[in-house]
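Visitor: In this note's numbering, the protein residues as written are 969 to 1307.
#1: Which residues in the same chain have their Cβ closer than 7 Å to the Cβ of residue 1041, if we skip the five residues on either side of it in sequence?
#2: Are at least three pairs of beta-carbons, each pair with one atom in the region 1182-1202 and one in the region 1052-1059, less than 8 Å apart?
#3: Three or more beta-carbon pairs under 8 Å between the region 1113-1123 and the region 1203-1216, yes or no?
#4: Residue 1226 lies in the beta strand (DSSP E); which residues open and close that run?
#5: Residue 1306: buried (16+ other C-beta within 10 angstroms of its C-beta) or exposed?
#6: Quick one, which of 1134, 1229, 1139 and 1214 has its alpha-carbon nearest residue 1164's?
#7: So, helix, strand or coil for residue 1059, using DSSP?
#8: Terminal residues of the continuous alpha helix (DSSP H) containing residue 1145?
#9: Do residue 1128 and residue 1156 have their C-beta atoms within less than 7 Å of each other?
#10: Would you call the CB atoms of residue 1246 and residue 1269 closer than 7 Å?
#11: Looking at C-alpha atoms only, which residue of 1236, 1134 and 1300 is the closest neighbour of residue 1220?
#12: Could you say which of 1217, 1086 and 1035 lies nearest to residue 1076 if we only look at CA atoms?
#13: Around the Cβ of residue 1006, are there at least 16 other Cβ atoms within 10 angstroms (buried) or fewer (exposed)?
#14: Below 8 Å, how does it come out for the region 1269-1281 and the region 1167-1183: are there three or more Cβ pairs, yes or no?
#15: Please list the terminal residues of the continuous alpha helix (DSSP H) segment that includes residue 1137.
#16: Should residue 1090 be labelled buried (16 or more other beta-carbon atoms within 10 Å of its own) or exposed?
#17: Less than 6 Å between C-beta atoms, sequence neighbours within five positions excluded: which residues of the same chain meet that for residue 1212?
#18: Enumerate in chain order the residues of its own chain whose CB-to-CB distance from residue 1131 is below 6 Å, with the five nearest sequence positions on each side excluded.
#19: What separation, rounded to the nearest whole angstrom, lies between the Cα atoms of residue 1272 and residue 1029?
#20: Output yes or no for whether 7 Å exceeds the beta carbon distance between residue 1103 and residue 1072.
#21: Helix, strand or coil: which one does DSSP assign to residue 1093?
#22: Can residue 1138 and residue 1114 be called in contact, C-beta distance under 7 Å?
#23: How about residue 1264 and residue 1235: do their beta carbons lie closer than 7 Å?
#24: Helix, strand or coil, according to DSSP, for residue 1188 in the structure here?
#25: Return yes when the Cβ of residue 1195 is within less than 7 Å of the Cβ of residue 1109, no when it is not.
#26: Reducing DSSP to helix, strand and coil, say where residue 1174 ends up.
#27: Taking the beta strand (DSSP E) that residue 1238 belongs to, which residues open and close that run?
#28: Find the nearest neighbour of residue 1086 within the set 1080, 1105, 1079 and 1069, judged by alpha-carbon distance.
#29: Alpha carbon to alpha carbon, how far is residue 1140 from residue 1112?
#30: In whole angstroms, what is the alpha-carbon distance linking residue 1050 and residue 1037?
#31: Does residue 1204 come out as helix, strand or coil in the three-state DSSP assignment?
#32: Using only the alpha-carbon positions, how far apart do residue 1059 and residue 1237 sit?
#33: Which stretch, first to last residue, makes up the alpha helix (DSSP H) that contains residue 1085?
#34: Mind checking residue 1146: buried by the 16 CB within 10 Å criterion, or exposed?
#35: Can you give the Cα-Cα distance for residue 1256 and residue 1070, rounded to whole angstroms?
#36: How would you call residue 1214, buried or exposed, if buried means at least 16 neighbouring beta carbons within 10 angstroms?
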């Protein structure tokens, strides 16, 4: 993305609470106004409007910056798109057609933060709480992946989060945004699907609770806003994550396996499996779960589990459909056995 005629064309137009000016234009009347209520009130106005040129096509981008979830939802109801970290949405501009684009930034909408409650440990006891299991974890929709990575109470998610993109991207990308990126991305979404996560969704009739599994399958109505993600923390050693990719950083998945599994007396008592990178959308491997329950984790049982679900692999720049289908049983075994 680049600005066309940067001395004239890039414009910053702000709401009533702040003033407007033209970036880079000459003359005293076009100088940026002095901050009125501290620096943030100047650099973070209520509305931004940018005129840009992409591949010779002119586009006006309007970015609203509401200060509450309700105000953000109101903007989405009028046809605007949500803007979290922008790591995926902004790349789509390279393929955008001419016309205007309206975005609603979630940065100031009060949707960031991590809350961990219960689980038999006192709040703030990060080491104990992370391994206790049973705690209710709530992630604000606009919480960044870097915040999740840095929270000691969520260390079971670290292998997953660290496999996503690179540190600069994770400092911008948001939890809710990762739920809606296309495959072969969305590795945190696979982990949350394995953890049976639920979403708090603000819609036309107020806030409701939706299983992530249903949202992955059916999507959300236009204008609805995910405000938070909830799940039960797994007991220590019961959550497993494995991702096969071409390189360690900035690579889409070839196969992603996330599993919450409980083993007693050498047998699988309970298991929940989520698969990413294999098909055009995330999958709940319910067939594999049925094969594994009550059985030992032997290579033979895992091989049967790998054949139990209908999977439609696809071709992309990272791997062919043929290759994905061939290596899936291998990576499923590695994920379940922790090897």
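For each residue, glycine too, the CB sits at the ideal point set by N, CA and C.
Source: prediction; values computed, not measured.
Guide: Here's the rundown:
#1: Taking C-beta separations shorter than 7 Å and ignoring five residues to either side along the sequence, the partners of residue 1041 in its chain run 1170 and 1193, following chain order.
#2: Flag = no, the region 1182-1202 and the region 1052-1059 do not touch.
#3: Verdict: no, contact absent.
#4: Residue range 1221-1232 is occupied by the beta strand (DSSP E) that includes residue 1226.
#5: By the C-beta density criterion, residue 1306 is exposed, having fewer than 16 other C-beta atoms within 10 angstroms.
#6: Nearest C-alpha to residue 1164: 1229.
#7: DSSP, reduced to helix, strand and coil, places residue 1059 within a helical segment of the structure shown.
#8: DSSP places residue 1145 in the uninterrupted alpha helix (DSSP H) bounded by 1143-1148.
#9: Yes, the Cβ-Cβ distance between residue 1128 and residue 1156 is below 7 Å.
#10: No, these two residues do not count as a Cβ contact at 7 Å.
#11: Considering only alpha carbons, the answer is 1134.
#12: Nearest C-alpha to residue 1076: 1035.
#13: Reliability of the predicted coordinates at residue 1006 is poor, the pLDDT of 39 falling under 50, and the value obtained from them is presented with this limitation in mind. Exposed: under 16 other Cβ atoms inside 10 Å.
#14: Too few Cβ pairs lie closer than 8 Å, so no.
#15: 1135-1138 is the extent of the alpha helix (DSSP H) around residue 1137.
#16: For residue 1090, the pLDDT reaches just 38, beneath the cut-off of 50, and the residue's location in the model is therefore unreliable, although a value from the coordinates is still provided. So residue 1090 counts as exposed.
#17: Once the five neighbours on either side are set aside, the close Cβ partners of residue 1212 are 1222, 1223 and 1299.
#18: Once the five neighbours on either side are set aside, the close Cβ partners of residue 1131 are 1155 and 1211.
#19: About 51 Å.
#20: For the pair residue 1103 and residue 1072, the CB atoms are not nearer than the 7 Å cut-off.
#21: Model confidence at residue 1093 stands at a pLDDT of 33, short of 50, so the residue's coordinates are unreliable; what they give is reported in the following sentence. It is coil, neither helix nor strand.
#22: Cβ distance < 7 Å, so residue 1138 and residue 1114 count as in contact.
#23: At a Cβ-Cβ threshold of 7 Å, residue 1264 and residue 1235 count as neighbours.
#24: Correct three-state label for residue 1188: coil.
#25: Against a cut-off of 7 Å, the Cβ pair of residue 1195 and residue 1109 comes out as a contact.
#26: Residue state, collapsed to three classes: strand.
#27: In the DSSP assignment, residue 1238 falls within the beta strand (DSSP E) that extends over 1235-1244.
#28: Checking every option, the nearest Cα to that of residue 1086 belongs to 1105.
#29: Going from the Cα of residue 1140 to the Cα of residue 1112 covers about 6 Å.
#30: So the two alpha carbons sit approximately 11 Å from each other.
#31: Residue 1204 falls in the coil class under three-state DSSP.
#32: Looking at the two C-alpha atoms, the distance is approximately 43 Å.
#33: Segment 1082-1085 is the beta strand (DSSP E) holding residue 1085; no alpha helix (DSSP H) there.
#34: So residue 1146 counts as buried.
#35: Spanning the two alpha carbons is a distance of roughly 43 Å.
#36: The residue in question, residue 1214, is exposed, as its Cβ has fewer than 16 Cβ neighbours within 10 Å.
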